[in-house]
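Student: Order-wise, the sequence lines are chains H and Y.
If you use the numbering used here, the first sequence closes out at 355, no skipped numbers anywhere.
If you use the numbering used here, the second sequence closes out at 640, no skipped numbers anywhere.
Glycine is no exception: its CB is placed at the ideal position from the N, C-alpha and C atoms.
Please read all numbers here as calculations on a predicted model, not as lab measurements.
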Amino acid sequence: MSEEIIKTNIEADGVKQGRRDFLKNVGIASAAALVASPASVEASAGSANPDAGITVAESLQGHFVLMSDQEKKTAIERLEKRYTAQYGKKTTVSDVPAPKGVLFGYALNISKCIGCRRCVHACVQENNQSRDNPEIQWIQVMKIPKGNFSFAADKLDTGYPKSSKLGDYGVQVGGNAYTAVGGLSPEEVQNYYPQDEAVPDKNYFYVPVQCQQCEKPPCVKACPVRATFRDPNGVVVIDYNWCIGCRMCQLACPYGARRFNWGEPNIPPEEMNPKTHYFGNRPRMRGVMEKCTFCLQRTREGRNPACLEACPVGARKFGNLLDPTSDVRKIIATKKVFRFKEEMSTYPKFFYFIG
Amino acid sequence: MLTTNSKNIPSIIIVVIALGAILAGGFALVGGFDIKNANHRQNNSAANEGAKTKAVQPVTECYESRETYGAVTRIENVVPQYGYPNIKCSKTTAGVLWYGDPFDGTIPMGTMPEINDSTHGDFTNAVVRPREPHLTYFNMGPNGCVTCHDGKTVPFPKDKKPRLITMHTDIVADSTQLKHGRGAMWCLDCHSATNRNKLVDRQGNEISFNQPQRLCGTCHGNVYIDWRAGIHGKRIGTWAVGGKKRWWVCTECHNPHTVQVNRFDQIKAESPPPLPRGMTSANYE
């Protein structure tokens, strides 16, 4: 497939202006600090300083989209060298551009999903998330009781504050902080059901949530330095090296899809995936955001995302929204489809469907 | 529900690994099962080194959608360019999580007759994993099922009337209560009476075990149309229309002898997400 991809230039419009001026001074200050400490200049794996592998040159590199071809090449070689040393295996960092005429879309069949969480762990394997301390997963599976949109009469007048023999205090319109009426209460949605639980439980349905790749992504609006932006395929990506770790995007995202590296990521070298992409699954640094990219290191080269391939029931479908014969378009045309939190006007390209 | 003794293998492996890790490393693994995460931090203590080598042994006997009937073995270095194995499996459930080579062990899907559906199916580059190697009875003799069902050793059935069968009770526990079709179906609606190596549809066409969709499709038309369109079932490989894809056939997900009990047999869930900082249990989620 990769041969079929026509070379395109990544749209730079979104990031042309908006340098992180307000951080310039801070940047210079910290650069000075880096230069002062010789340990940071030499790449060395496993030393006490978690950032030791990151060279000054890497810390000072510009926004990837604005780099010249030569700068990109240097940046990529620098990264490949660092990762190869760090994980003890030949690592490639690709910058394959987004294929032309493609808008990626995803469809997930919630009447099939069994909540086995294989997608969650497939994603971790593919995308080099930190395995522990911090443990990071990009997909979260919600387990929701069936038929419980609690407008039921018995639910309407239960709730805090409970009436006591002294009388009824407080205004109570049904439901309470724990069991909201007419909505999904946090009590009923379970994210942490245990491992080895036999799934599917017939009384529940399961809804995996990951980055919804919004057409109007609030996270992109929130980013003060434009480190996160929408690529020409409609995938919201992050330049991890440009990210300042302010976590504004995390707050802006209505889907809880973004994750923050609170510490130095931990990836066992033998499990590390050495086929990476600059905007995709290359290992992140501490203090930067990350999230689902529809596995762009795969999808830009024609392969399906890892979560789709792992799903044992085939609930996950991926394809080109601009191609009416693609799986996703056929689903939108023939099934009952909805978007998550449609009222937020984020226009996700991630669709849920039944049937 | 059918049960076979090999179902227990994954959990045994896990127990062994967990024991090994605990013994060698003296690790009090939080939650008792967090082998995956416990040991890969760089650590110089000799005891931990021991635990490390134990814990990194990858799981090799895995399964895809159906436990035992979707078994796959992990093979190292199938994609030398990246040092990828053919698959990576879950250390806790042995479920296949990740494909290094999505087309490993596949054969062409074979001819797929046209049906009257609008999408026509995109079978140009369709491959499947063959089903025959997964069938216990098929692999008992050199001639497959016909080793026994040759008309002499086991006589051909005289009619299609349901009766009690004393054989194959591991596959169909009680043949008078076949859990498919609500009492209206019999073995020979799917299995050929005279060539037991093949399935057979209502028109009497013999169908390979590797193409069960052609049989199931004759009764489950709507699902079959969706399956051909790529909506029902599963396809991996390339996403592009016309690209090479590995298709899952019906019996890779459904046990044709028990669908009435479980359309899809339960499997085990993988480990839950990390709890938010400061939270020690999810009881008040």
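1. Less than 9 Å separating the beta-carbons of D323 (chain H) and G585 (chain Y)?
2. Measure from the alpha carbon of P512 (chain Y) to the alpha carbon of each residue in Y:G536, Y:K534, Y:W541, Y:R601, then state which is nearest.
3. Using beta-carbon positions only, say whether V237 (chain H) and F205 (chain H) come within less than 9 Å of one another.
4. Under DSSP, the alpha helix (DSSP H) around W541 (chain Y) begins and ends at which residues?
5. Can you say whether K56 (chain H) is buried or exposed, counting buried as having 16 or more other CB atoms within 10 angstroms of its CB?
6. Just to make sure I have the definition right: I need the residues of chain Y whose C-beta is within less than 9 Å of the C-beta of N299 (chain H). Which are they?
7. Going straight from the alpha carbon of E197 (chain H) to that of E309 (chain H), what length do you get?
8. What are the partner residues of S94 (chain H), as DSSP defines its beta bridges?
9. Run through chain H and tell me which residues come within less than 7 Å of W603 (chain Y), C-beta to C-beta.
10. In angstroms with no decimal places, state the Cα-to-Cα distance between A32 (chain H) and A122 (chain H).
11. Would you give the residue range spanned by the alpha helix (DSSP H) that K73 (chain H) belongs to?
12. Run through the DSSP bridge pairs and tell me what R284 (chain H) is partnered with.
13. Just the Cα atoms here: how many angstroms apart are S345 (chain H) and C214 (chain H)?
14. Can a CB atom of chain H be found closer than 9 Å to the CB of Q615 (chain Y)?
15. Using a Cβ-Cβ cut-off of less than 7 Å, list which residues of the stretch 196 to 211 of chain H approach chain Y; keep chain order.
16. Is DSSP giving I642 (chain Y) helix, strand or coil here?
17. According to the Cβ coordinates, are G105 (chain H) and G319 (chain H) closer than 9 Å?
18. Establish whether the CB of D505 (chain Y) and some CB of chain H are separated by less than 9 Å.
19. Would you give the residue range spanned by the alpha helix (DSSP H) that I331 (chain H) belongs to?
20. Please classify N552 (chain Y): does DSSP put it in a helix, a strand, or coil?
21. Chain H partners of G585 (chain Y), CB-CB under 8 Å?
22. Let me make sure I understand the geometry here. Which of H:V288, H:E270, H:N281, H:T334 has the alpha-carbon closest to that of Y87 (chain H)?
23. Helix, strand or coil, according to DSSP, for S2 (chain H) in the structure here?
24. Can a CB atom of chain H be found closer than 9 Å to the CB of T635 (chain Y)?
25. Hey, D472 (chain Y) and T325 (chain H): beta-carbon distance below 9 Å or not?
26. Hey, out of H:K81, H:F351, H:K90, H:S130, whose CA is closest to K275 (chain H)'s CA?
27. When the distance is taken between beta carbons, is N109 (chain H) closer than 9 Å to M142 (chain H)?
28. Could you please give the first and the last residue of the uninterrupted beta strand (DSSP E) stretch that includes N577 (chain Y)?
29. Figure out for me which residue from H:I144, H:G245, H:K216, H:S68 has the closest Cα to the Cα of V189 (chain H).
30. List, in chain order, every chain Y residue whose beta-carbon is nearer than 7 Å to that of R117 (chain H).
31. Nearest CA to the CA of N565 (chain Y): which residue from Y:C574, Y:K553, Y:C503, Y:G559?
32. I'd like to know whether the C-beta atoms of G115 (chain H) and A449 (chain Y) end up nearer to each other than 9 Å.
33. If you count every other CB in all the chains shown that lies within 10 Å of the CB of H314 (chain Y), and 16 or more means buried, which is it?
34. Does the beta carbon of I562 (chain Y) sit closer than 9 Å to a beta carbon anywhere in chain H?
35. Of all the beta strand (DSSP E) runs that stay within the bounds of the stretch 228 to 278 of chain H, which reach a length of 3 or more residues?
Tutor: Judging by the given coordinates:
1. no
2. Y:W541
3. no
4. Unbroken run through W541 (chain Y): none, as it is neither H nor E.
5. Note on identity: in this sequence residue 56 (chain H) is Val, with Lys being the wrong assignment. Exposed.
6. In the sequence as presented, Asn is not what sits at residue 299 (chain H); that position holds Thr. The contacting residues are W594.
7. 22 Å
8. H:H277
9. G314
10. Bear in mind that a pLDDT of 43 at A32 (chain H), under 50, signals an unreliable position, so the model cannot answer this.
11. 69 to 87
12. Paired residue(s): none; R284 (chain H) is not in a bridge.
13. 9 Å
14. no
15. D196, E197, A198, V199, P200
16. Absent from the structure is residue 642 (chain Y), since the part of chain Y shown begins at 356 and ends at 640.
17. yes
18. no
19. 327 to 334
20. coil
21. K317, D327, K330
22. H:E270
23. For S2 (chain H), the predicted model reports a pLDDT of 42, less than 50, meaning its position is unreliable; a value from the coordinates is still stated below. Helix at S2 (chain H).
24. no
25. no
26. H:K90
27. no
28. Element bounds for N577 (chain Y): not the beta strand (DSSP E) but the alpha helix (DSSP H), 576 to 584.
29. H:I144
30. A624, E625
31. Y:K553
32. no
33. For chain Y, the structure presents residues 356 to 640; residue 314 (chain Y) sits outside this window and is missing.
34. no
35. 228 to 230, 236 to 238, 275 to 277
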